[in-house]
Structures are given as C-alpha cells and as structure tokens.
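Asker: FYI, the numbering for the sequence shown is 1 to 298, going by full-length UniProt numbering.
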Amino acid sequence: MMPTRSESPLSALEQLASRDLLELEREDYIVRHKVEQLLPPLPYHMLVVIPALNEAEGIQETLMTFTAQTSQDFAIVVVDNGSTDGTQEKVREFAQTHLQERLFLLEEAKKGDGAAKKKGMDQAVLPTVNDIQYIACTDADTQVPSDWVEKFYQAFEHSSADVLSGKINFFGDERINSALYFIDQARAALMRHVKPSLNGANFAIRAQCYVRVDGIEQALTKEGIPLPSSDRHLAYKVLESDGKILHIPVGVLTNPRRYIHHMLKGAPADGTIYDIKFIDTTKNRGNFTILLLREYKT
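Okay, here's the thing in structure tokens:
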C-alpha cells in the first residue's frame, strides 16, 4: 500500500531521529574509549581486523587469500600485539606488492587477542571511516575462501542479523581434523543451546551494533592475565542487547594449535596440566608434533 502524505513525514522524521541517535552513540563511544584516528579515510564498507602475535611464518599466506576476493569492497588492518619474530616486517613487505591501498598495520601494547582486535575494530567507528558498515575478524594463521567477504555482505543484506559467524576447519592430518571438528562442534552446539556464540577466526558484526554494545573487551583473569574469550563475551553483549547472531555456511581454514592448546591447558579430572609446544613440520602448516614439555599437578 502506498504511504499517505501524513505517513511519509513521520517516517522521514523517524529515520532522521534514528540516524541522529546513532551519531550520538558513536560520538559517545569515541570519547569514552579515547579512540584515536590511526587510519586514513576509507572508501570501503567493510573493515577486516586481523590480530597478530609472532605470526611471521604464515601471515603472508593469510593476506594472500584476500587478494582474490570476489568482492573487493574491504580494507584490512593487521594489529600487531608485540611480535618479536618479524611479523610487522612481513606485513610491510607484503603491502609493497599486494593490497597496497587497503592494507594497514597498527600496534597494540596491551596484551591479549581482544585488546588487539579492539584497536582495529574501534577504527571503524570514527567519522573519517564512516563508510564502514561492517567489521569482520579472522586470525593471522587462517586462510579464508575467495568469497568470504561477499558471503558476509550477502548474509547481512538478506537478514536482520547483527553478527554473522561461520565454520572453522583445521589444517592437518584428517584424523586430527575430524577429532577437533567433532569437539568444536559439540562445544558450539552446547554454547548455542545456552547462548549463540561466535568464533574469533570467522565472524563479522555491524558497526552500529559494535557501538551499541560498547565494543569488544579484553577478558582478564582476576590476576589480570589475558583470556582467549573476548569474542564470546562480545557475543553475550550482543544477545543481552536483544541483538541477533546468525551462523552461516562459510568456512575458513585455520591452524588448530589454539584449540589443542586450550583443550590441553584445561585441567583434567586428576588435576594434571600439560605445558605444550607446537612444531610445524611443513611449510603449509599441515602437520605438527605436540611436545609435552612438562607435567605438574594443580
């Protein structure tokens, strides 16, 4: 039905009020979080944030997967979290020949994956990059498919979801991959039964939702030690604000070391905890050896 003359002005006023509210929320966020402009004006609608800590060996492989994206409407910011292995040099080297106008490097001194993500994600709320509508995240040891950006755009455009999250696949021996996939899916199913969650290596959020829920935070222990659960906390904040999280059929390929590390660092029934180290035995990071360096009782 065509709107009447009395309906049209009201709709326009509502849209204006909504837009003004978003502007006020954004300005408030920038002031409270002391967000500094670190990127130039960006003519893109999606900002991809990649936190990195000592990822010199694989960061260029990760970045290479973005050179063939079916949608080029994105910029990338790699946020180095104190690397000592030449990660920053690898990013700068890559930027000389690829993604020159859309690849940026920032540094974050505060330790933790969440702190690094926050440094990059906060840039998307600044007026100088106000064309940014979506913020996507992946990891520095992860390879995304060629339609990764496009799939996120399509899902946002055809749904009312505030956050999108996709599947995680692992490099490595198929038996290890299958076992980790089963564990990850079981954990994800449990989380979805309680509350929908997301995975830090494969998710995207609307910029206005990011501001509305007051951004991402670095989760810490009582002793101030960074925890790898900032993404899950972000998901909880979205749901608590009546936001929607949608799981979509888009997968990425990542190194399972973080998942193995978190599983083995969890205390088993007898109280034994293992300190572990990973050694990649192939250039494609497909096989690795897990060394149990020491065992101690809690």
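Where a beta carbon is used, it is the ideal one built from N, C-alpha and C, also for glycine.
Considering only the alpha carbon of each residue, which of V49, P43, K34 and I59 lies closest to N255?
Answerer: Of the candidates V49, P43, K34 and I59, the one whose C-alpha sits nearest the C-alpha of N255 is I59.
Asker: Locate the beta strand (DSSP E) running through G120, then write down its first and last residues.
Answerer: Note, G120: premise wrong, no beta strand (DSSP E); alpha helix (DSSP H) at D113 to M121.
Asker: So for Q154, helix, strand or coil by DSSP?
Answerer: helix
Asker: Taking all protein chains shown into account, do 16 or more other C-beta atoms lie within 10 angstroms of the C-beta of D20, making it buried, or fewer, making it exposed?
Answerer: exposed
Asker: Using DSSP's beta-bridge definition, name the partner residues of P51.
Answerer: V79
Asker: Measure the Cβ-Cβ separation of A140 and V48 and say whether it is below 9 Å.
Answerer: no
Asker: Figure out for me which residue from A201, A161 and K167 has the closest Cα to the Cα of I245.
Answerer: A161
Asker: In its own chain, which residues sit with a C-beta less than 7 Å from the C-beta of T128, not counting the 5 before and 5 after it?
Answerer: Sequence-distant partners of T128 (beyond 5 residues in either direction) whose C-beta falls short of 7 Å from its own C-beta, in its chain, are Q37 and P41.
Asker: By DSSP, does V211 sit in helix, in strand, or in coil?
Answerer: Three-state DSSP puts V211 in a helix.
Asker: For S146, which of L253, Q100 and I30 has the nearest alpha-carbon?
Answerer: L253
Asker: With distance defined between alpha-carbon atoms, name the residue in T97, L106 and T67 nearest to G82.
Answerer: When only C-alpha atoms are compared, the closest one is L106.
Asker: On a CA-only basis, which of R206, L220, S71 and A75 is nearest E150? Give me that one, please.
Answerer: S71
Asker: Starting from the Cα of I132, find the closest Cα among H45, G224, V35 and R232 and give me that residue.
Answerer: H45
Asker: Measuring straight from C-alpha to C-alpha, what distance separates N54 and D85?
Answerer: A straight line joining the alpha-carbon of N54 with that of D85 spans about 5 Å.
Asker: For S229, list the residues DSSP reports as bridge partners.
Answerer: Answer by DSSP bridge pairing: none, since S229 is not bridged.
Asker: Going by C-alpha to C-alpha distance, which of M64, V35 and F203 sits closest to T97?
Answerer: M64
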